[in-house]
Amino acid sequence: MDKNMQGKIVKGISGFYYVHVAGSGIYECKAKGIFRNQKIKPLVGDNVTIAVLDEEQMLGNIEEILPRENALIRPAVANIDQALVIFALENPTPNLTLLDRFLVMMEQQNVPTAICFNKRDLAGEDYTDHLRSVYENCGYRVFTVSAAKEQGMQEVEAYLKGKTTVVGPSGVGKSSVMNILFPKAQMETGEISKKLKKGKHTTRHSQMIPIDHETYLCDTPGFSSLYTTDMEKEELKNFFPEFHPYEGKCRFLGCIHGKEPGCAVKEALEQGNISKERFENYTMFYEELKEQEKRRY
Ligand code: GDP
Ligand code: ZN
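Reading the sequence shown from the start, the letters are residues 620 to 916 in the numbering used here.
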């Protein structure tokens with residue numbers, strides 16, 4: 620007695636896919652025939668149809684991967700609407716280089732991103748305002764919240780509602796924010812990990828946490844050690860949105876905003892219209908890409 624249902628892959632581990640079906644729960648599925656039929660490998664985030672093989676045990680087989688909105692490479696997930704990057708303002712002080720790496724990576728993959736600074740109860744107002752203006756000037760939406768005092772959380776919740784959002788990185792006060800927003804998320808994660816226990820896998824993969832049938836959070840453990848790769852150094856400037864207004868205004872065609880004279884970006888930097896910290900990170904990432912390039916040839 621086959622029954623077909625539609626759901627979303629929330630986790631994939633060594634040939635098993637965990638498919639969340641709204642209102643029913645999570646089915647453990649194989650993907651027999653999918654690669655042969657569709658020539659693509661299922662990704663976390665894929666919307667799929669499954670044939671239920673055993674209703675009691677909640678086992679199934681993925682029959683079809685529905686058309687993708689997009690597919691990211693880092694993290695390897697499909698159908699992402701946006702990203703939210705969470706950093707504490709204090710304790711620990713934010714690693715702005717890591718934040719900028721994350722932003723570059725999302726820009727490169729065309730994912731709209733907002734920034735959530737947590738622990739605003741611990742931070743000085745001047746510092747908070749400074750960071751807000753730095754990142755708002757780049758065009759990012761900035762939320763400042765206190766999970767401990769439950770301040771500023773409604774705006775973040777509204778941003779996430781009805782969307783599938785990549786959330787990262789961990790180790791900087793993320794869990795507190797997520798737990799205030801979605802106490803339910805913990806339960807759902809529990810349900811998934813219970814199912815996964817028998818596999819006893821220690822590797823950490825990306826997973827989707829279903830909040831409601833149209834809201835998902837994509838939790839990505841890999842983000843704390845993230846690197847700017849898969850990029851030509853000349854492309855990097857495209858992923859700093861605050862440089863865009865100056866594109867084509869430098870004296871030299873193809874100016875990389877380094878040592879060239881008559882550089883419009885460096886002029887904006889001197890006038891305080893581009894943030895010094897961001898520009899320093901741009902220069903640092905550029906040098907890294909240059910080093911990588913040297914090693915390639
Ligand atoms: P994660 O492991 O990076 O996700 O960090 P947690 O969310 O677990 O938070 C780390 C620590 O910071 C915990 O001891 C929290 O109680 C504390 N913390 C989290 N949010 C806030 C906040 O808004 N204000 C203050 N003062 N402490 C916070
Ligand atoms: Zn320039």
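Ideal Cβ placement from N, Cα and C applies to all residues, glycine included.
Just so we're clear, the structure is a prediction, and the values are computed from it rather than from any experiment.
- Within the segment 656 to 695, the runs of beta strand (DSSP E) at least 3 residues long that lie entirely inside it are, in chain order, 666 to 673, 678 to 684.
- Here the segment 641 to 655 makes contact with the segment 663 to 679; the two share three or more CB pairs at distances below 8 angstroms.
- The beta carbon of L685 sits closer than 8 angstroms to those of Q625, D665, N666, V667, T668, all from its chain and outside the five residues before and after it, given in chain order.
- In terms of side-chain proximity, the C-beta atom of D748 is found no nearer than 8 angstroms to any non-hydrogen atom of ligand 1.
- Beta-bridge pairing by DSSP links Y746 to no other residue.
- C648 has its Cβ no nearer than 8 angstroms to any heavy atom of ligand 2.
- Of the other Cβ atoms in all chains shown, fewer than 16 fall within 10 Å of the Cβ of F871; this residue is therefore exposed.
- Secondary structure at A650: coil, using DSSP grouped into helix, strand and coil.
- In terms of Cβ geometry, F736 and V753 do not form a close pair [threshold 9 angstroms].
- It is roughly 26 angstroms from the alpha-carbon of E910 to the alpha-carbon of A695.
- I875 is not a Cβ neighbour of Y916, given a cutoff of 9 angstroms.
- Following the DSSP letters along the chain, one finds I799 in no beta strand (DSSP E) but inside the alpha helix (DSSP H) bounded by residues 793 to 800.
- Looking at the DSSP output, S765 sits in a beta bridge with Q770.
- Under the 10 Å beta carbon count, K738 is surrounded by 16 or more other beta carbons and is classified as buried.
- With contacts defined as CB atoms closer than 9 angstroms, F859 and V723 qualify as a contacting pair.
- Remark: the C-beta of D838 is outside contact range of ligand 1, defined as less than 8 angstroms to any heavy atom.
- Distance from the C-beta of C869 to the nearest heavy atom of ligand 2 is below 8 angstroms.
- Rounded to whole angstroms, the separation of the alpha carbons of G891 and I628 is 46 angstroms.
- Approximately 7 angstroms separates the beta-carbon atoms of C837 and V786; this is inside 8 angstroms, confirming the contact.
- Contact annotation, V775 with L800: C-beta distance approximately 6 angstroms; criterion of less than 8 angstroms satisfied.
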